[in-house]
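What follows is a set of notes on a single structure, which appears directly below.
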Amino acid sequence: MPPKRKAAAPAAATATKAGRTSALSTPGPATPRSLDSSMMSEADEELDEDVTEAQKEREELLGKEADEFVNNWAISSKRFQNQGEGQKRDAATPYFGKRDFSGLPLKADHHNRPIWIDPDKGTIVLERFNVLAEQATDFLITIAEPKSRPAFLHEYALTTHSLYAAVSVGLRPKDIINTLDRFLKTALPSSINNFIQQCTNSYGKVKLVLKNNKYFVESVDADMLQRLLKDEVIGPLRVQGSDAITTTYAPTMGGLVIPGTKNAAGVRQAALQKPGDKPTTDTAKDPDLFAALNEEDDDDDKEAVHAFEIGDTAVETVQKRCLDIGYPILEEYDFRNDDVNPNLEIDLQPNTQIRPYQEKSLSKMFGNGRAKSGIIVLPCGAGKTLVGITAACTIKKGVIVLCTSSMSVVQWRQEFLKWSNINPDDVAVFTAESKNKFSGSTGIIVTTYSMVTNNRERSHDSKKMMDFLKGREWGLMLLDEVHVVPADVFRRVISSIKSHSKLGLTATLLREDDKISHLNFLIGPKLYEANWMELSQQGHIAKVQCAEVWCQMPTEFYDEYLRANARMKRTLYAMNPRKFQACQYLINYHEARGDKIIVFSDELYSLKKYAETLGKVYIYGGTSQSERMHILANFQHNPEVNTLFLSKIGDTSLDLPEATCLIQISSHFGSRRQEAQRLGRILRAKRRNDEGFNAFFYSLVSKDTQEMYYSSKRQAFLVDQGYAFKVITQLANIENTPNLAFASPQERRELLQMTLVDNEKGTMEDVETDDLFGKVGGGRGRKKKGLAARRTAGTLGELSGGQDMAYIEQNKGANKQLKKNQKAERDTFFKKIAREKERNRG
DNA sequence: TATATCGCAA
DNA sequence: TATGTTGCGATATA
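Each residue of the first sequence is one higher than the one before, counting from 1 in UniProt numbering.
Right, dumping it as structure tokens:
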């Protein structure tokens, strides 16, 4: 393959693109209101007990089929069908065998091109240091799945799903192939070419569109529709009497303006500006190859589309069948031409401007002027909510928001009020406590997954509410924390509520099981995934230093550890006195530095022990609502309270104040999601834009225990995002920390004894403590009534209560002292870290 | 109003 | 290389 135009090409593309984005007009015409609600689905009446059974079965089936589908389409099954390209052999060939790709001819100017591809697996490697790296990155996130993105070499995988996503945002096969070839250092292997052709031929050709309250199967390819009509399952489902295939012209993006973008801001002044004028926006600087390619689509302006109608009840069958025969259906909502569903009065607050990456992700969703269903992945603190709200403001139809907890329900409502001009009466909350409806003909409902999926007997009110939710059509379904949806029960949401489009939001599209791929057909493709490192370099989220601190287990602890059962093992490695000391040291250090510190421990016994011994506040599941509020408020405003201990309650269900340092002493097995979520807790830091400001993330790990294995597993995701974990085996000057706990062998033995005794009878209930400082404890823990509670509570109360008071004072003194030699100590600390870093590199 | 119970997720 | 127990929300109960 001859070398083609190189560096100049993307630049040119950028220019065209910029010209295009300035083609402005206001969003579609005001839609007349129609209150015709006779369109309710027949589904309502039959939705009772036995239906849920059937639903379950159907979902299982769908799940299985999705898996099979994925397997059938794996790239490896189609590899080398006609591998013609010169398989040269040389001396090294025997060592690589089939994996010798030296035969792929390098292009003459290969050093100007940034990517390599594995013809076998579709793995793409990108050189970040290449001049074209930026453009290539933009292209790659559109067509491939980011696998690993550390500093210099990024790894992507070309998969069926990623190509599906690329097609769904409007790329054509020839765009993909040409651009890929342009960036490749070698000739494009024919296996990859075939793979792309095959995937893209079947993907994205068929669309499911809801128009005037009727479902249409739509395609630009008339033959394709004929094939579907001849299909034994789909054919009969076509609505009788509409035998003709209708042909219309597809709208293009022209005219649609996403609120909050610079374009939107300029709409009024630029109303007279002609399309094609010189760009006036900064977006021109942003080389977005995808948009550039999409640009070409607009040349053949009006594309004919063909469609036939299917009944409401047939939708799921058709979707499933299409998946079976290899033409997965895309969901699109032509909201601008929907004059059946009433419009919602909503717009972003004037002067609201969304960030470039938010704009980018939304432009993928609304790329062709319709709303495409799919998933947007942004790190915590990067403004997912605003993306959702902006989408709602673009569609301007009824919205249903699903959250994981009632706390985030309240937050979503607040955010809606904060960012948009929505009438507060139109944002209704549906939870156990409040079951409001909006007053007008349409509005926004914020609710939880569990509220909608609840299988059990319902209270009268919520039954009525559910009927209401099921009985209407929603313009947009916003799925917060969408990674929870594949959980079998939550999946039911999708089928029970009818919405024209679905937008999933998450920070970590990750699960430890394999159900994550189900999202591809439950909701839609991944439309956009932000790179954490990039956002932190641009100052949208904080820069974080990650460190793993290895703590030696004292021999007597290790002996017990080896002997203990799994449960006790976990307690023991959390209670490791060296770990305790490291924790104490880090807290001292960071408090002196002015940080707000959160310490996570999933292990409740150690959580309480650590917090009580150090005289810090803690929150866990058993902390009552009012105490939680009290503690959080103190942590946020009281300069005396700088450290907060949390159980895994802090992962999802607390609205945590800003923190700048995070220490993990115990965590849940190898959950990458948890690790990422916790890191996310410090990404919001307002000080992030201060010169040289860093947030800190420490994992304390007991050496030579299972924790080491879990820890490495947990870090995988963050490492792929480009975070470097430093390993620290020795904290500088730790032995000189004043009032270091468990410094003597005697104390360590006592700690061990106490740990063993307290946990021997197994249960945490036994050591449930009374309110220590009147701040913690109580609440609705799962403690068994009466019984042993009093016995041990006494011991522990005395023990920790007495010691803690002493500790509080000592620590205050210690902090003052620390401040004196603060600088000296900080220096040694960082020298230590630097030395460790060197060692790890070598 | 506070608390116990249940189903479910990780 | 797998685990088991913690927490949530909704509802029923006194």
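Even glycine gets a Cβ: it sits at the ideal position worked out from N, Cα and C. From a predicted model like this one, the values you see are computed outputs, not experimental measurements.
With the rule of 3 Cβ pairs closer than 8 Å, the stretch 206 to 214 counts as touching the stretch 318 to 334. About 5 Å separates the Cβ atoms of Ile376 and Tyr528, confirming a contact at the 8 Å cut-off. Taking the CA atoms as reference points, Arg472 sits about 7 Å from Lys498. Here Ala542 carries a coil assignment [DSSP, helix/strand/coil]. Under the DSSP definition of a beta bridge, His154 partners with Leu126. The three-state reading of DSSP puts His306 in strand, counting E and B together. Look at Glu332 here: in three-state DSSP terms it is strand. Spatial neighbours of Ile234 in its own chain (CB-CB distance under 6 Å, excluding positions within 5 residues in sequence) are listed in chain order as Leu228, Val318, Arg321.
With contacts defined by Cβ atoms closer than 7 Å, Thr453 and Arg492 form a contacting pair. Cβ-Cβ distances below 8 Å link Arg511 to His483, Pro486, Arg673 in the same chain, with the five nearest sequence neighbours on each side left out; the list follows chain order. Judged by their CB atoms, Leu476 and Ser450 are not nearer to each other than the 7 Å cut-off. Pairwise C-beta distances place the stretch 627 to 645 out of contact with the stretch 699 to 706, as fewer than three of them are shorter than 8 Å. Here the alpha carbon of Leu509 sits roughly 13 Å from the alpha carbon of Glu675.
Only residues of its own chain outside the window of five on either side were considered, and among them Tyr215 have a CB closer than 6 Å to the CB of Val315, listed in chain order. Note on Asp595: 16 or more other CB atoms within 10 angstroms of its CB, so buried under the neighbour-count rule. With respect to the 7 Å criterion, Ala574 and Ile665 are classified as neighbours on the basis of their beta carbons. Nearest to Gly374 by C-alpha distance, out of Lys579, Asp758, Leu505, is Leu505. By the Cβ criterion, the stretch 344 to 358 is in contact with the stretch 527 to 544, since at least three pairs of Cβ atoms, one from each stretch, lie closer than 8 Å. Here DSSP, grouped into helix, strand and coil, assigns Met575 to helix. Going by beta carbons, Ala685 and Glu707 fall outside the 7 Å limit. The distance from the Cβ of Val399 to that of Leu362 is about 15 Å, inconsistent with a contact at the 8 Å cut-off. Residue Tyr585 holds the alpha-carbon nearest to the alpha-carbon of Ala741 among Leu718, Asn689, Tyr585, Phe600.
Unbroken beta strand (DSSP E) runs of no fewer than 3 residues, entirely contained in the stretch 140 to 194, are found at 145 to 148, 153 to 157, following chain order. In chain order, Met407, Gln411 place their CB closer than 7 Å to the CB of Asp655, counting only its own chain and leaving out the 5 sequence neighbours on each side.
Tyr164 sits close to Pro525, with the two beta carbons spaced by under 7 Å. Taken atom to atom, the span from the alpha-carbon of Asp720 to that of Thr142 is near 18 Å.
The way I'd put it, the stretch 188 to 204 doesn't touch the stretch 546 to 557; fewer than three beta-carbon pairs between them come closer than 8 Å. The three-state secondary structure of Ala592, taken from DSSP, is helix. Non-local beta-carbon contacts of Met568 in its own chain, meaning distances under 7 Å to residues more than five positions away in sequence, involve Asn759 in chain order. When DSSP states are grouped into helix, strand and coil, His500 belongs to the strand group. DSSP places Val409 in the uninterrupted alpha helix (DSSP H) bounded by 406 to 419.
Membership of Phe430 in the beta strand (DSSP E) is indicated by the continuous run 427 to 430. Distances from the CA of Phe152 to each of Glu134, Ala633, Val169 were compared; the closest alpha carbon is that of Glu134. For Ala92, there is no enclosing beta strand (DSSP E), as DSSP marks it with neither H nor E. Taken through DSSP and simplified to helix, strand or coil, Ala133 comes out as helix.
In this structure, DSSP gives Lys726 an extended state, which the three-state scheme calls strand.
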